[in-house]
Every structure is written in C-alpha cells, then in structure tokens.
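Asker: The numbering of the sequence shown is our numbering, which starts it at 2 and goes up by one.
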Amino acid sequence: MTNTFPAKGAFLASEALPIKAHSSAAPFLKECEVLVAQQPLLEDGEPPVGVVIHVYHPKVLRDILVRLIDLHERLHLYVTCVAGRDDTVRAQLEASGLSHSLYRVPNHGRDVLPFLKVLPFLRADNIRTVLKLHTLGESKAWARDLFDDLLSPLRFRHSVEQLADPARNPLLGTQKFWLPVAKDLDESTRTHLFTLSERAGFDPRVIDAAHFFAGTMFFVRTEALAPLERMQLAGKDFEAERGQIEGTLAHAVERFFGVLAIVGQQQRDTDLYRRWLDTRQLSPAEFEALPARLAGWPQQPDILLVLTDTTGDIALLRSSLESIDRQLYGAAAIVVLSNAQPVGVTPADNLVWLPLAESWPSQLNELLQGIEVDWCYLLRGGDQLDPHALLVLAEGIALNPGISVCYSDEDSLTATGCQDPVFKPDLNLDLLRSYPYVGRALAFSREAALAVDCFDPAFAELAPHDLLYRLIETHGLGTVGHLSDVLVHQAINFGQWLGEPQVIAHSAAIVEAHLQRLGVAHELRTGPLSMMNRVVYQHAGQPLVSILIPTKDCLPMLLRCVESIMEKTRYTNYELIIVDNNSETAEALEWFSGMESLNDPKVRILRYPHPFNYSAINNFAASHARGDYLVLLNNDTAIIDGDWLGALLHHAQRPEVGIVGAKLLFPNGTIQHGGVVLGLRGVADHPFLGDPMQSNGYLHRLQVDQNYSAVTAACLMISTELYRQVGGLDEASLTISFNDVDLCLKVGQAGRLIVWTPYAVLVHENSVSQHTVDTTRQEAKLERFKREQSVMYQRWLPQLANDQAYNRNLTLEGSGFAADCRSEAGWQPFASRALPHALCYPGDAFGCGHYRVRQPFAAMKAAGLVEGALSDWGLQPVELERLAPDTIIFQRQYTTPQLELIENSKAFSRAFKVYELDDYILDVPTGASRDLPPKDIAKRLKKAVGLCDRLVVSTQPLAHALKGYNADIRVIENRLPSQWWSGLTSLRQQGHKPRVGWAGGSGHGADLNVIAEVVRELAGEVEWVFMGMCPPELRPYVHEFHRGVNIEKYPAYLAGLNLDLALAPLKDNVFNACKSNLRLLEYGACGFPVICSDIVCYQGDFPVTRVKNKPKDWVAAIREHLAEPDANARVGDALRSVVLDNWMLKDEHLLAWRNAWLMD
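1) Go ahead and label L545 buried or exposed: buried means 16 or more other beta carbons lie within 10 angstroms of its beta carbon, across all protein chains shown.
2) So the candidates are E513, S102 and I335; which of them puts its Cα closest to the Cα of I372?
3) I'd like the ranges of any beta strand (DSSP E) spanning at least 3 consecutive residues and lying wholly in the segment 190 to 235.
4) Using the Cβ count rule (16 or more neighbours within 10 Å means buried), how would you classify S140?
5) Return the bridge partner residues of H674 from the DSSP annotation.
6) For K1147, I'd like the list of residues in its chain whose CB is within less than 6 angstroms of its CB, leaving aside the five on either flank, ordered along the chain.
7) Using a Cβ-Cβ cut-off of 6 angstroms (strictly less than) and excluding sequence neighbours within five positions of P529, which residues of its own chain qualify?
8) In the structure shown, what three-state DSSP assignment does H625 receive?
9) Could you please give me the residues that DSSP links to A711 through a beta bridge?
10) Less than 7 angstroms between C-beta atoms, sequence neighbours within five positions excluded: which residues of the same chain meet that for L646?
11) Excluding the 5 residues preceding and the 5 following S791 in the sequence, name in chain order all residues of the same chain whose CB lies nearer than 8 angstroms to its CB.
12) Pull up the CB-CB distance for D427 and Q163, whole angstroms please, since I reckon it's below 8 angstroms.
13) The alpha helix (DSSP H) that contains F157, what's its start and end?
14) Only counting the same chain, and skipping five residues up and downstream in sequence, which positions put a Cβ closer than 6 angstroms to that of D1061?
15) So L36 and T136 are supposed to be a Cβ contact under 8 angstroms. How far apart are they, rounded?
16) When you compare the CB positions of L690 and A711, do they come within less than 8 angstroms of one another, or not?
17) Which residue wins for smallest C-alpha separation from A262, given the options R275, F214 and L283?
18) Output the distance between the C-alpha atoms of S531 and I505, rounded to the nearest integer angstrom.
19) How far does the beta strand (DSSP E) with M1028 in it reach, from first residue to last?
20) Just to confirm, are N975 and L1082 a CB contact at a threshold of 8 angstroms?
21) Quick check on this structure: which residue in P285, P1033 and E882 has the alpha carbon closest to the alpha carbon of G1006?
22) With a cut-off of 8 angstroms, does the C-beta of G46 fall near any C-beta of chain D?
23) Our contact map puts D375 next to P302 with C-beta atoms below 8 angstroms; I'd like the distance itself, whole angstroms only.
24) Skipping 5 residues on each side, what residues in its chain have a beta carbon closer than 6 angstroms to that of I973?
25) Quick one: residues in its chain with C-beta nearer than 6 angstroms to the C-beta of I737, no 5 flanking neighbours on either side, listed in chain order?
26) Given this structure, state the Cα-to-Cα distance separating F667 from G815, to the nearest angstrom.
27) For D775, count the other beta carbons within 10 Å of its own beta carbon; 16 or more makes it buried, fewer makes it exposed. Which is it?
28) Going by the CB atoms, is the gap between V742 and A685 shorter than 8 angstroms?
29) For the 8 angstroms Cβ check, are there 3 or more pairs between the segment 942 to 961 and the segment 910 to 920?
30) On a CA-only basis, which of D644, T671, V748 and S696 is nearest I660? Give me that one, please.
31) Are the beta-carbon atoms belonging to V254 and V207 less than 8 angstroms from one another?
32) Between S906 and M793, what straight-line distance do the alpha-carbon atoms span, to the nearest angstrom?
33) Report all residues from its chain with a CB closer than 7 angstroms to the CB of F456; omit the five preceding and five following residues, and keep chain order.
34) What whole-angstrom Cβ distance do V307 and L380 have, given they're in contact under 8 angstroms?
35) Where does M558 sit, in a helix, a strand or coil, going by DSSP?
36) Any idea which residues DSSP pairs H77 with across the strands?
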C-alpha cells in the first residue's frame, strides 16, 4: 500500500470536539490509562463503527490505519497500547486523521484483557458494532489473511449491515478461522471456559455447540458482550503474560466470545420470535374482508374441538377455553374430557363437559359416532390456540377437499411467554416413520376417520398417529395437510411430549402395524433416541450396483476413495467405473494404464477426452453401467462405514423411492451434507454445514431417515432405469452446478421420494478436483455459475421457493433451520390476500428514504391501502417468489448489486416494478452528497429505470429531465407525515435579537455560500441559529449551532429552535431546479416565516418571500421581515395553514401515491 496520511475522503475527527470523560468506568479501569478520548462523531444521531485495536507492534498499526482510511466509513478507533509505545502510536493516530481514543495498558492478558478494558467506553459511547483487531501477528500469514478479509471495503460494509439486523448472528468473521470451541481443547482452557460459563449463568453444555474465530479478530454486536463485561475480569484474574502458550484465561476468553454469540443468539431468537408472533395479527382490512372470504369457500366446515385433560388442572383448561372463545371462526362444538369440576367455566350452548374415561381413544370413538360435525380437532388441557387458528384450519379444509387429516406448526407456553417454535415440513413419510414429528395437535375428517374405524385404543397416546397412518394407507400421501403457521401453543414442550413414556412405548408399534398392513418386509430397530425408529427395508436378491467416479489427476485422493470402497464395503455386488477426464499427471496416467491392464471386471476405466462437464461425464459413465442401480460418487470421498452401500440400497429398492443420499462429513468430522434445502443461500444449499458430527440437527434431522427435496450427487444412489427415464443429469444447461438438484426435482416430479439417510456415512473433501483450476478462469466460472443459477430459477422457481421438506417460516440464509423473523418475510395465512402487497427497497434510512418510501408505505399500510414490507437488503429470487409481492419499489438503486437485484426481479418476478427517484443524480454538485454517484451514473440509471415498469419522481422538472428513461413517468410530490409534522409548537421572539435560522445537511455547503456574506453582515442584528451543518468560516458569526438529530426527532427539534425567520437558500443549478419544495413544507409546518431563493423548486402558491441570490437582496428581505414582527408572524401562520391543509400525507394524496405504486 502506498497511501500517506491523511487520505483524501477519510472521515476526520473534529479538533473542536471536547474530550469526553468516562467516570462510570473508573472502578474497572484502574489498569487502563486514558491518553486521548475524542468523542465519536454522530451522523443523524447514529454512532460510528467502533474499531478496537490492541497495539503491540506499531509497524502493523500503520498498515491497519491505511486500510481503515481506504474504507471511507464512519469510524471511531479505540486503541490500546503497552507502555513505551504510546508516543509512536499517538503520532500515527494523529497523522491518520481518524477519530480515536487511546489508552495505555499493561502487557498482560494478550489482546483479550485490553479489549475487555475498552468495553465500558464502547457502552458509554453507545457503540453498537465493533471490529476487534490487534497487531500480535506481525509478519504472520494468518494475520495478513484476516486483515485482507475483514478490512476489504465490501466485506466491511456487508458485515456492518448484517450486524445491524438483530435477527443475525452477533459474531462475524473470516470463515476459514471459524472453529469449534471444543476442538483440540486442553484441560486448563476447558476449566476456564466452564468457570466463565458458570459466572455468566450459562449452561456449560453450550461450550460443545459453540464456534469461535481463531486469531481473535472479528466483527461483533456490542450488546452480545454484556455478560463478559459484567464479570469485570481484571489483571489479577489472568496468568502472567506467556506469549502464545495455550491454556490461559486469555485463550479461554478467546473461545468464550463464541459462547457469548451462541447464547446471545438463543436469547435473541426467543425475543425476536415473540416479537414476530406479535406481528401475526390480522390487519383491519383483513378483518373487513373476512365475510367475503368465508362466502367464497365451497363449504364452511363444522369443527369439533376436543380438549383432553389428564392432569385435572382446571386453570389450564380455562386458559384453553378462553383461547377458543377468542377464535375468529367459531367451533361448532367443544367437548372437554376431564375429571376436574368446571369451576369458573362459563356455560355455553356448544360446550359439553364429560368425565375422562380410562381409555380416551375409545371415548372419542363413541363421541364421533354420535355427533354431526365435519372435522374433529384434538387438543390437550392448557393448549392455547391463536385467534386465527380455526379460521386458517377451516380455510385449509374448505379449499383442499382431498385432505382427511391436518397438522400445523406449534410452540410451547412458558411462564414468560411462547418459545421453542417447531416449524415442521409438509408430510415427510420417512421422517414420520422415524418418529411422530407431526406432534399431538391433529385434526381429522370425521367421515374419513369413521370409515377406517377411528382410533385404536391399543396405541393410547399415539392412537391419533395410528389413525393418520391408516388414512395414508387408504387415501395416499396427499390426504395429509400441513398448515405452515404456528396455530397452537402447547402446554408442554414438543421435546417433552416426545419423551413421554406412552410415546416411547408406542412409537415403534404404530410403525410396525403400519408396515405390516402394507405388506412391506422390514426390520424395525431403535434409533438414536428411545422414541426413534430405524426401518431397515428387506428385499429379495442383491442387485448389481455401478459406482461412477469422475476424476482428473488428484491420484492420492482417488486412491483413498477407491481403496476405502474395496477394503470396507460389506455389500460386494458392485462395479467401479472410474471416468478419467483428461488427466495430465504422469502418476495418474500410469495408474489408469495399470488398472486397465488388469482387466478386472469389478473396476473399469473409461476415458472422457472432452472439456470438464460433470453432467456429461456421469451420463457417459451411466451409459456404460451394467448395474441395476447407480451410485454417483465424487473422487474426494472416502468410506468410513462398511454398511454405507447397503444403507443406501435398501431404500433405493423401495418402489416409492427414486433417489437416496448419504450423510457426508468433512475430514475434521463436521457436517458437510445433511440433505439439501431448496432456496437456501440461492438456488439450493446444504444446511447444518460445519455442525459437529454428533449434532441432532433441527427436529433431530441429522439423526434419522427422512425425505428431502434434493440431495447432493457427491454420493447419490438411483436406479439405472429411472436415471435414464428422467434423462440423467442435464449436460446441456447444467454442466457443473445444480445438476444434482435438477435431477432430484425431476425424480420428485415423477412421483418418487428422495430419501436422506444418516446411516450411510462418508467423508467428503468437497470439490478438491476443481480447486486446481487456473485462477485466470475464475471470471468465466462465475459467469457459468450465474447462467446455471438462472436456468434453475427459470425451470424450478416455484419449487425452490416452497420446499415441502422445509418450512416457509424458516430462513433461507446461513445454515438454515432457523426462524425467519425478518419483517420482509411477510405473513400470509390465507390462500389469497385482501390487499395489494408492496415490497419496498428504500434508498436510505434518512430523509429521502423516509419521505419517499418509508413514511408513504407506513401511512398506506395504516390506512388499509396496501400491505407488505420494507427491506434494506435485497431479496434473492427464491425469497421474492416466496413473498410474491404485487409491486416492488426500488428507490435510487444503481450500484452493481442493486442493478443485479432489479435484473433478477425483472427476470423472475411477476410483480409490478417501480423506480423511485427524488433527486437529479445525473448532475450532483460537488459537496452536495457524501457519496457521489459513480461516473457512469447515466448508464446505470438508464438501465435501472428501463428495467422497471414505471418511474415515480417528486417534481415535474425532474420528470422532464428524465424524459425517455421510461415510458411511464409519474409525478408524486412530497408530503409531510402527519404524525411527525402536525401539532408542532414553536415560540417567537425568544431571543435578545430576532432568531434567524437555517437547517440542512452536510451536502448544503454550496447553498449556504449564497448567504455567507449575509450571515457576516447581519451578525450584529440577529441571532443566527444553524442546525445540521455550519461551515467553520461562519461559526464565529453563528449564535447557536445544533447538530443533526435522528429524523424521527427532527420535526419537534426544528420547531423547538423558535425561529422568527427561516431561510432556504439554494444555488441555481439543474440539481436544485429538480428538487422539491420539502424545506418550505418543513419550515411551514413549524409556523416559521420563510425567505427562499427564487428558483424553480420554490415556485408555487406559498406565502413566502422569494429573492434573487444576491447578498443585498437577502439582507433587504430579512430586514423588511424583521421590521414588522406581527406581520412577519402572520406570514408564518399563513404558511403553516397552507402546509397543513394541502401538503400532508393523507386522504387523496395518499391514494394518489398508492396508485402510482400499483399497476393501473
């Protein structure tokens, strides 16, 4: 790097800012001497990113500072250094120009103790996001790798944005340094970790589930560090400094950061989940639409609710009945089976209270024989239904006449609220045979249940699940419905119910009876837990299996694969077909020749002398296969369990099964493949990546046989006949990526199941052969990947967005199988929407973003004109398809990722697309914006607007300037949000002299120059009041300067300036000519009289004084206004009336805005 200090464009600390004291931290900081304590600079009330750096090697600090300057981000540095280096460090920090604080600390506790000493300062400064760095790795490659990653501009910005989302992990860093906490853990460090966990009040078992960032450099959400700060660890707690020796408290704290992250995430997940639940309320518009919705159903089913009480707890029963009483769709009848007396229960015509018989399944059978209802819903005492539960169930029944049994998602009730949501897949036959994942709140068609003799009392607690199996046997898999919504809050946790003795006692028995009725030969074994089953399907004969292994060079890897197969595989009727794709190394070519010369019928070598095409290679091999079944196997796999082939084959031979996938582990023993989730991180990806081998997985899905929509072709079994029937892998359009997902979806479309089994376990390195590709081809590889990604979206988007083996309430990011609590995920419990759905991408979180998108959307939503969500992150095509908006609003989106977002929306979404623009960004004056548009903005803007169906702008001049960019341009003028700008109070004549003021941002320097001479000339006649920005050269003449505040506080703060006169100077240029009259509206809502520049944007029917941009004209106008205070005040009152009467965001103005956003 060649940068010198200070760098152009860096955000510099203000010399005028006062030193900030941190007295509250004093007891904790006896070992931390404050040398410099500049105050972090706020922007719109928001703090900067805190960068904590412990300096041992000042030479490394200089490199870090250069990188930080090149980020062009708002930062405040918290730098610690050891004695003897502070002068050098201070000089480097001052030269950098970056806002900073500097502390001298002892050389103790590595970089960890100094970091802990800084935590109180971060809290005092309200720093929310921190990047932790240090200089201990001088000249070390691992340190350079970390700096290259963490300090790259894109990575930095992405990490900060991610941490701003409370739903995301609070700890982010370099992935290759993300290691299990328990890996290679010595006894001393483990002891320290247990002590730390106990002091924090954590369950020590979380240690084995956590990961940490080796190297101790990472981004972190500050709030996650609170438990560590509360411990107030001090120097006396840490061992004497011994460099990098393991086993110290410092090394334990390094790992404990990962423990904090996972615990903080768990608590945050619970908090987010509860807030998410609170949003699952019907809007007023939905309430109004309910009668029409019900009238549109082909039937309105009568539902019997059965509350079974085995505890005799009347309070729990009352809570259940109260939730039933709140239902939006009433139950036809309610039957309580309980030996408790109905004390405090209000009688009702549809409520029947019966003593609980010894066999409640028999009692239910008698009940169903004698009551005329359509469906029966089984609940337990203490279970509570969401108010919309029966409504959603009834719609599911009415619109899906083929179902005879239904289940929903659930959570559990605790003293503090709902938690532990269970988001279930749609009917998953193999998962169901593994354990009763559907839960105990089941609804049945009375007619269908009676037709198969209802409940079998022999199965007690699992009698309903036995009935479910019999309905499947009678009507097929399509008879089971699943409502992907948390409709019931269970009195006991899902895991507790699975552990009940009756569930354990009958879990295997109901599966045994089910398979016997089907005549399926099998052996039933106990799974990893006592309530789990492993079904081993038995078949006559031992068909030949052809194992296909594509390869190129990488002989040691291939040998490991082949030798492990031949040495360990217990199922012996197989052949190996190794396909050489242009190997070049002498050792590989020699080995192939040697194998060919052996003429071993069990091992064949085929040559594929064409460019690498994974699909074509496998198809070529399959065409030469002699086996009844094929195994697609990567050359970087290895067999570690001799039963692997038999475990795949006994499933593959089932007539209903099409493909079987295996459990794959990385060489370090963590999960590489536990199934494939459609839509995860794009088209599809692996969940559970990097989880420990022993992990249960979400709903025990790493432990049991189950169905997925797709599995990886790294190890995949399929019958040869079916492979050829569906056309094999797509070698034309999907040469390398997603061909296995495409194959699985074709097989699923043909009516076959995809099975993943944890009982076939292999090691998989993951794409080792392809790692040797020349780096100059990376760009071509990326283009190929995008093409193949596009093929998958075009071919399978509805399926990718609605993976039946997953759940729409689960995230499509990260490792998957976590609740998607983002607001933009949306909630749609019904088959159709009552209102248009808008997805809005605001350009920012400041004035423009609020006035043009955030506030109009909020007002429309409150008025029942639209529903939808705001998103500060671009939704991927699968997420967009899942959400299915009617319209998408793109505000000022022109960066490369944003253009990709618009392109993808154009290609893969049917939504109407609107581009929103408030400024003439083609000609932004220097200094008018911190982030100037790129030089090719015209090209970018034309492309972005052209991809959309409509362009909405704020002024007619802006529409004229952009003529030709879109065939449909609408003008929607800015309006003020009523909740912000109505009822403001501003006083007059509050100063010793008239208070004359201006408000604006950092981009208005050129506009302020219009009145700079005026400010100087009138400094003795008025009290100048500036808000938001004040050029240094004008500061001596300004009576008051107020920093900018958060936009929600801005209206009241502006009014509180108590101005007698407000000024709105603007330079006369194209940019300003296209601007709106927003500043006049804001001043007017405060009741300020206004003098403004006489330019296009301030024309109109406003009682304001317009002047030419000449100092003498401004001075004359100001003196004229102030000469007659009463007349001046009347002008302010008149302007306020005009604004409040005609320029508020409501009524017909709001309707016009909605119409501009929606398709005509």
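Beta carbons are placed, not taken as given, at the ideal position from N, Cα and C, and that holds for glycine.
Answerer: Per the coordinate set shown:
1) So L545 counts as exposed.
2) That would be I335, whose Cα lies nearest to the Cα of I372.
3) Listed in chain order, they are 212 to 214 and 219 to 222.
4) Counting of Cβ neighbours within 10 angstroms places S140 among the exposed residues, the total staying below 16.
5) For H674, the beta-bridge partners assigned by DSSP are L665.
6) Excluding five sequence positions before and after K1147, the CB atoms of its chain that fall closer than 6 angstroms to its own CB belong to S979, given in chain order.
7) So the list reads Q704, once near-sequence residues are dropped.
8) DSSP places H625 outside both helix and strand once states are collapsed to three, so it counts as coil.
9) Among the bridge pairs identified by DSSP, A711 is matched with V677.
10) Cβ neighbours of L646 within its own chain (closer than 7 angstroms, five residues either side excluded): V546, T570, Y572 and Y575.
11) Once the five neighbours on either side are set aside, the close Cβ partners of S791 are A908.
12) Contact between D427 and Q163 does not hold, since the beta-carbon distance rounds to 31 angstroms and is not under 8 angstroms.
13) It spans P154 to L164 - the alpha helix (DSSP H) in which F157 sits, taken as one unbroken run.
14) Short of 6 angstroms from the beta carbon of D1061, and not among the five residues preceding or following it, lie these beta carbons of its own chain, in chain order: R989, P995 and R996.
15) At roughly 17 angstroms, the Cβ-Cβ gap does not stay under 8 angstroms, so L36 and T136 are not in contact.
16) Going by C-beta atoms, L690 is not nearer than 8 angstroms to A711.
17) The candidate whose alpha carbon is nearest that of A262 is F214.
18) Taking the Cα positions, S531 is about 6 angstroms away from I505.
19) M1028 -> beta strand (DSSP E) spans E1024 to M1028.
20) Yes, they are a contact pair.
21) Minimum Cα distance to G1006 is reached at P1033.
22) Absence of chain D from the displayed structure is noted, only one protein chain being present.
23) With a Cβ gap of about 4 angstroms, D375 and P302 count as contacting.
24) Hits under 6 angstroms: V953, W1154 and A1157.
25) So the list reads Y615, once near-sequence residues are dropped.
26) If I take the Cα positions, the gap works out to 18 angstroms.
27) Its pLDDT being 49, under 50, D775 is placed unreliably by the model, and the measurement read from it follows with that caveat. D775 should be labelled exposed.
28) Yes, the Cβ-Cβ distance between A685 and V742 is below 8 angstroms.
29) The segment 942 to 961, when compared against the segment 910 to 920, does touch it at the 8 angstroms Cβ threshold.
30) With distances taken between CA atoms, I660 lies nearest to V748 out of D644, T671, V748 and S696.
31) Not a contact, by the Cβ cut-off of 8 angstroms.
32) Approximately 15 angstroms between the Cα atoms of the pair.
33) If we look at F456 and ignore the five residues flanking it on each side, its Cβ neighbours are P362, L365, N366, A464, P465 and L468.
34) That pair is a contact at about 7 angstroms.
35) Helix, per DSSP.
36) In the DSSP output, where bridge partners are listed per residue, H77 has G51.
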